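The sequence shown begins at 1 in the UniProt record's numbering and counts up one residue at a time.
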Amino acid sequence: MINIKVPGKLMIAGEYAVLEKNQKCIVAAVNRYVEGSIEPSIKNQLFLPDLKLEDIFFEIKDGNVEFSIEDFRLSFLKNSISIVVRFLKENSIELIPFKLSIKSQLDDASSGKKYGLGSSAAIVVATVSSILALHNKDELLKPHTIFKLSAIAHLKTQGNGSGADIAAGVYGGWLEYSAFDSKWLLNELENSDKIKDILEKPWRNLIIKKLTPPSGLKLVVGWTKETASTSPMIRKAESFKKENPHIYKEFLKGSSIAVDNLIKAFNDNSFEDSISSLSENRKALKSFGEVAGIQIETKKLTALCSIGERYGSAKSSGAGGGDCGIAFLKGDYKKQELYKEWEKADIEALNLEISEAGVSFKILT
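Given below as structure tokens:
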């Protein structure tokens, strides 16, 4: 049996803008995980206890995955399995029937709390990695291979997204990220006979670089107890962009300056510049939300940020509309004071740390 762990993600800066060409974001992997286990089996089987889906059998016919039940929640897994099976076949590797189990710690199963730590992306990475690991080919387990296969599966399922959450799950740590051109990739998928040819090409606009935060910088995370739905907010942003291209370009410019300044602050080991750059990005996002009619900052996210800015700097994380906000502090010494103020505002501090490791494997004998 092989066990697989994939960290969740937190968006730090560059939200919305990262969906555009040559726009950067900063994303970080966190120490809550999607865990998978895989072993050879007589029949292909899936166990997904978090979804209350167990003993699901599937067959692969002409490259298509056919499950024993119909459930829309299986779409990410279906595309992940079919992409990897196709890739293995192209590399003349015979598929080993397997039993795959996937569990998520990204949300709180006991209470039903959902934090918005990127579960669909982590599940895709766990599925892709598990199947590759089972076939015991070290050359298949390179991070760029896992990332690209996972990104293809995720894009085929969702039709949009930057891939930043996939990068966090694969590479771990703090990352500077610029999204691949999704239209280019969809065109390649339509016109290429082999997935492996697409993997071997440089992907247009894709940048993934490790970052090191300034010494003494502490990231803390607060949960608003409000669940956000990302897709409608992204659609609203797309609609606004078409109707107001000049205003949208101004937002992209502001986001780009803030994110570039934050990357430079990290590279220069500058705590003060990191604080100011995060605040710059908050202002750009907040202004964009207000003119576009998108509630990026809810009342509770505004409270979270206002409190956080008294101790350092703070902003919403991800698309906004609920879920989590983040704050940068100088060390741990004022963290508890911040947490007390958040608690009074009905904001729950989450015990999250950066996961320096991305996807990891452990072989059990």
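For glycine and all other residues, C-beta sits at the position ideal for the given N, C-alpha and C. This structure is a prediction, so every number in the text was calculated from the model and none was measured.
Secondary structure at residue i, three-state DSSP: helix, strand or coil?
i	result
W174	strand
residue 377	No answer is possible for residue 377: the residues shown for the chain start at 1 and end at 365.
F180	coil
S279	helix
A292	helix
V18	helix
G169	helix
S229	coil
S316	strand
G159	coil
K43	coil
D323	coil
I152	helix
E272	helix
S360	strand
K330	strand
E297	coil
I208	strand
E54	strand
L48	strand
E94	coil
K142	coil
Excluding five sequence neighbours on each side, which residues of the same chain lie with their C-beta closer than 7 Å to the C-beta of residue i?
i	result
D71	L53
D181	K21, R204 and N205
K43	F57 and P97
K225	D346 and E348
L88	L95 and H135
V85	I60, G63 and L95
G216	F271, K330 and G331
Just list the residues that DSSP pairs residue i with in beta bridges.
i	result
P7	Y33
S192	DSSP output for S192 lists no bridge partner at all.
L350	V221
I102	G36
A28	L10 and W174
E59	E66
I2	I38 and I363
Any idea if residue i is buried or exposed, counting beta-carbon neighbours within 10 angstroms, 16 or more meaning buried?
i	result
K68	The displayed chain sequence assigns Ser, not Lys, to residue 68. Counting Cβ neighbours within 10 Å, S68 comes out exposed, since fewer than 16 surround it.
Q336	exposed
P7	buried
K5	buried
N160	exposed
P202	exposed
S178	buried
residue 367	In the structure as shown, the chain starts at 1 and stops at 365, and residue 367 therefore has no counterpart that could be examined.
L364	exposed
T127	buried
K218	buried
Looking only at its own chain, which residues have a Cβ that is under 6 Å from the Cβ of residue i, when we skip the five neighbours before and after it?
i	result
A265	D273, S274 and S277
E341	I307
A168	K9, V27 and A29
L105	Sequence check: residue 105 is Gln here, not Leu. Within the same chain, Q105 has close Cβ partners R32 and Y33.
G222	L304, G325, W342, I347 and A349
I152	I83
How about residue i: is its Cβ closer than 7 Å to a heavy atom in the ligand ZN?
i	result
E290	The model on display carries no ligand, and the ligand ZN is accordingly not part of it.
Near residue i, what residues of its chain come up, given a Cβ to Cβ distance below 8 Å and the 5 sequence neighbours on each side ignored?
i	result
S192	I198
* **Meets three-Cβ-pair contact criterion under 8 Å: the region 282-290 and the region 78-88** => Because the criterion of three Cβ pairs below 8 Å is not met, the region 282-290 and the region 78-88 do not touch.
* At least 3 beta-carbon pairs within less than 8 Å: the region 131-146 vs the region 314-325 -> No, the region 131-146 is not in contact with the region 314-325.
* To do: Taking 8 Å as the threshold, find out whether the region 31-46 comes into contact with the region 309-318 through three or more Cβ pairs.
  => By the Cβ criterion, the region 31-46 is not in contact with the region 309-318, since fewer than three pairs of Cβ atoms, one from each stretch, lie closer than 8 Å.
* Asked: At a cut of 8 Å, does the region 240-260 reach the region 342-360 through at least three beta carbon pairs?
  -> no
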